[in-house]
Amino acid sequence: MGHGKYIAPPKGKYQVQAGEVLELQFVVLPGESRNQDLSIDLTGPGAQAHVKALYLSTYQEKVNLNFVVHHQAPGCKSTQLIKGIAGGSAQVQFHGTIVVAPDAQQTEAYQENHNIVLSESAKVDTQPQLEIYADDVKCSHGATVGRLNEDESFYMRSRGIPEQEAKILQMLSFLSPVIPQGREEELEKVVRAATRS
Amino acid sequence: MLLEIHNLHATVSDKEILKGIDLEIAPGTVHAIMGPNGAGKSTLAAVLTGKPGYEITEGSIRFQGQDLLAMSPEERAWAGLFLSFQYPIEIPGVTITAFMKAAVNAKRKAQGLPEMKTADFLKLMKEKMAFVQMKPEFAKREVNVGFSGGEKKRNEIFQMALLDPSLSILDETDSGLDVDALKIVADGVNALRSPEKSAIIVTHYHKLLEYVQPQFVHVLKAGRIVKTGGRELIDAIESKGFDQF
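So the sequences go chain by chain: A and B.
The first sequence maps to residues 0 to 196 in numbering that gives the first Met the number 0.
The second sequence maps to residues 0 to 244 in numbering that gives the first Met the number 0.
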């Protein structure tokens, strides 16, 4: 496997060998239910994997993201950024596991999962997990589930930005780090359509 | 009258903060509202701009003859009301340019006007930024993210200058500012003075009021305006505090 990008829907299993870089990007759009298993093994020294995922689920979707990144060799690096917005009665689950094997020293592994819930009936469940068997590692994970910030909304409205437009700006700014390059306009249309429903 | 507040009572979490405010603002006048901490100054500013979480239990507010309390925060902005926030909000991911462009065009849309051309907007923005001595690179910065206290306040005055309101409310805009930043704020407010435009300066210091001289000074204490006068009140407060009222 060489350098390069795989645009969704990617296959479920990857092995990244010494010195290779894997970049993956997932986008789950409104109306789409998905079970996405992803397993990445970093098998050779210096292998890297970078994963970004976006979901926008505002109807009755069921989205399950189950990601496992396994550091099996020394000096590997992995980053995961998963951001999404759940509305309607969507149900979203994220299970993210990072495993660092005993001889995978000098590992760097980072995972961030941030979620916004727009409605009372939408459910988000996030379960990040670290299993570290080596001692020389830099690992972090963070998970949040929140709502759109009301102070931001009021600040924008006080400047004349309508409530709906403020919501769109907030959603787009939240998602922007995981919007694939070149799909900004498409995603803006999707967000606008999602807030109208 | 530009603004008429009559017997305004407001509660926050069932606690009454404003207990019968009467205040009239004529076009072209600058009013200072002074008072100790907890008097209700920021609550008054919040109620005027329609911040959620405040309940009006009695009284009325008319702005240019319209029932202000029936209007949404954005409708109030379109009508010409502006609040300079005591604690400006950070909006990660939204640049000052995107923020202000959305604000300007929303108002134009409400007035039935077409969107402003990007080139015209950028020119206007540049002009107003220079006016408050904001560096041009701030146009691309995320709103208030990583700004110093002085930069945040300057950004408020920039927004005020750009939106050109008929009534500006400055809620403790002077707090935490050094003299240079204070002068920039004062110049911003003074430049907006005209026979039609008015301002309410909420403060508990006298310093800003040396640079922006108000015609009227009101003392707000325990949810009521207990004294109204001219600038002589500022000196009286400076020498004897708020206990005399």
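No residue lacks a Cβ here, since even glycine has one placed at the ideal position from N, Cα and C.
| Closest to residue 127/A by CA distance: which of 138/A, 94/A, 119/A and 108/A is it? | Position 128 of the first sequence, counting from 1, holds the residue named residue 127/A. Comparing Cα positions, the closest option is 94/A.
| Anyone know if the C-beta pair for residue 141/B and residue 83/B falls short of 8 Å? | Within the second sequence, numbered from 1, the residue matching residue 141/B stands at position 142. Within the second sequence, numbered from 1, the residue matching residue 83/B stands at position 84. No, they are not a contact pair.
| residue 72/B CB to nearest chain A CB: under 8 Å? | Residue numbering aside, residue 72/B sits at position 73 when the second sequence is read from its first letter. It does; some Cβ of chain A falls within 8 Å.
| query | Per the contact definition of three or more C-beta pairs closer than 8 Å, is the segment 168-175 of chain A in contact with the segment 114-121 of chain B? | reply | no
| task | Could you tell me which chain A residues have their CB closer than 9 Å to the CB of residue 93/B, listed as they occur along the chain? | result | Your numbering for residue 93/B matches position 94 in the second sequence. Result: 151, 155, 168, 169, 171 and 172.
| query | Just checking my contact of residue 217/A with residue 68/A at CB under 8 Å: how many whole Å lie between their CB atoms? | reply | Coverage of chain A is limited to positions 0 through 196, which leaves residue 217/A absent and any answer about it impossible.
| message | I'd like to know if residue 40/B contacts chain A, where contact means its C-beta is closer than 8 Å to some C-beta of that chain. | response | As a working mapping, residue 40/B is identified with position 41 in the second sequence. Residue 40/B is outside the set of residues whose beta carbon lies under 8 Å from a beta carbon in chain A.
| query | Taking residue 124/A as the reference, which of 23/A, 97/A, 103/A and 81/A has the closest Cα? | reply | The residue you call residue 124/A lines up with position 125 of the first sequence. Nearest of 23/A, 97/A, 103/A and 81/A to residue 124/A, Cα basis: 81/A.
| Neighbour list for residue 106/B in chain A, Cβ cutoff strictly below 7 Å | Taking the first residue of the second sequence as position 1, residue 106/B is located at position 107. Result: 159.
| request: Could you name the residues of the same chain whose beta carbon sits closer than 8 Å to that of residue 108/B, not counting the 5 residues immediately before and after it, in chain order? | output: By 1-based counting over the second sequence, the position of residue 108/B is 109. So the qualifying residues of the chain are 114.
| request: Tell me, please, which residues DSSP counts as bridged to residue 18/A. | output: Working through the first sequence from its first residue, we reach residue 18/A at position 19. Residue 18/A pairs with nothing; no bridge assigned.
| field | Three CB pairs or more closer than 8 Å across the segment 36-46 of chain B and the segment 219-231 of chain B | value | Taking 8 Å as the limit for Cβ pairs, the verdict is that the segment 219-231 of chain B does touch the segment 36-46 of chain B.
| Can you tell which of 64/A, 87/A and 65/A has its C-alpha closest to the C-alpha of residue 119/A? | Here residue 119/A is taken as the residue at index 120 of the first sequence, counted from 1. It is 87/A whose Cα lies nearest to the Cα of residue 119/A.
| task | Could you say if the segment 192-204 of chain B and the segment 116-131 of chain B meet the contact criterion of at least three C-beta pairs nearer than 8 Å? | result | no
| said: Let's test the definition: count the other Cβ atoms within 10 Å of the Cβ of residue 132/A and tell me whether it reaches 16, buried, or not, exposed. | reply: Position 133 of the first sequence, counted from the start, is the residue given in the question as residue 132/A. So residue 132/A counts as exposed.
| query | For residue 84/B, which residues in chain A fall below 9 Å Cβ to Cβ? | reply | Residue numbering aside, residue 84/B sits at position 85 when the second sequence is read from its first letter. Residues of chain A passing the Cβ test: 154 and 157.
| task | Please say whether residue 89/A and residue 57/A have beta carbons closer to each other than 8 Å? | result | Taking the first sequence and counting its residues from 1, the one referred to as residue 57/A is at position 58. Taking the first sequence and counting its residues from 1, the one referred to as residue 89/A is at position 90. Contact: yes.
| Nearest-angstrom Cα separation, counted from residue 24/B out to residue 3/B | Locating residue 3/B in the second sequence gives position 4, where the first residue counts as 1. Locating residue 24/B in the second sequence gives position 25, where the first residue counts as 1. For residue 3/B and residue 24/B, the distance between alpha carbons rounds to 7 Å.
| field | Option in 124/B, 239/B, 91/B and 43/B with minimal Cα separation from residue 7/B | value | The residue given as residue 7/B occupies position 8 in the second sequence. Answer by Cα proximity: 43/B.
| query | Quick one: does residue 197/A have its CB under 8 Å from some CB of chain B? | reply | Residue 197/A lies beyond the stretch modelled for chain A, which goes from 0 to 196, so this question has no answer here.
| said: Taking CB distances under 8 Å as the criterion, tell me whether residue 185/A reaches chain B. | reply: The residue labelled residue 185/A in the question sits at position 186 within the first sequence. By this cut-off, residue 185/A is not an interface position.
| Would you say residue 166/A and residue 143/A are within 8 Å of each other, going by their C-beta atoms? | Residue numbering aside, residue 166/A sits at position 167 when the first sequence is read from its first letter. Residue numbering aside, residue 143/A sits at position 144 when the first sequence is read from its first letter. For residue 166/A and residue 143/A, no; Cβs fall outside 8 Å.
| task | Identify the contact partners of residue 164/A in chain B, using a Cβ-Cβ distance below 7 Å as the criterion. | result | Start at 1 with the first residue of the first sequence, and residue 164/A comes out as number 165. Under the 7 Å cutoff, chain B gives 101 and 105.
| Three or more beta-carbon pairs under 8 Å between the segment 147-162 of chain A and the segment 97-104 of chain B, yes or no? | yes
| field | Any C-beta of chain A under 8 Å from that of residue 160/B | value | Your numbering for residue 160/B matches position 161 in the second sequence. Chain A, which has no Cβ nearer than 8 Å to the Cβ of residue 160/B, makes this no.
| task | Give the interface partners of residue 50/B over in chain A, defined as CB-CB distance under 7 Å, in chain order. | result | Here residue 50/B refers to the residue found at position 51 of the second sequence. Going along chain A in sequence order, the residues near residue 50/B (Cβ under 7 Å) are 153.
| query | Just the Cα atoms here: how many angstroms apart are residue 19/B and residue 175/B? | reply | Working through the second sequence from its first residue, we reach residue 19/B at position 20. Working through the second sequence from its first residue, we reach residue 175/B at position 176. Looking at the two C-alpha atoms, the distance is approximately 30 Å.
| Is the distance from the Cβ of residue 168/B to the Cβ of residue 81/B below 8 Å? | To locate residue 168/B, count along the second sequence from 1; it is residue 169. To locate residue 81/B, count along the second sequence from 1; it is residue 82. Yes, they are a contact pair.
| query | Got a sec: is the Cβ-Cβ distance from residue 90/B to anything in chain A below 8 Å? | reply | In the second sequence, the residue the question calls residue 90/B occupies position 91. With 8 Å as the cut-off, residue 90/B counts as an interface residue toward chain A.
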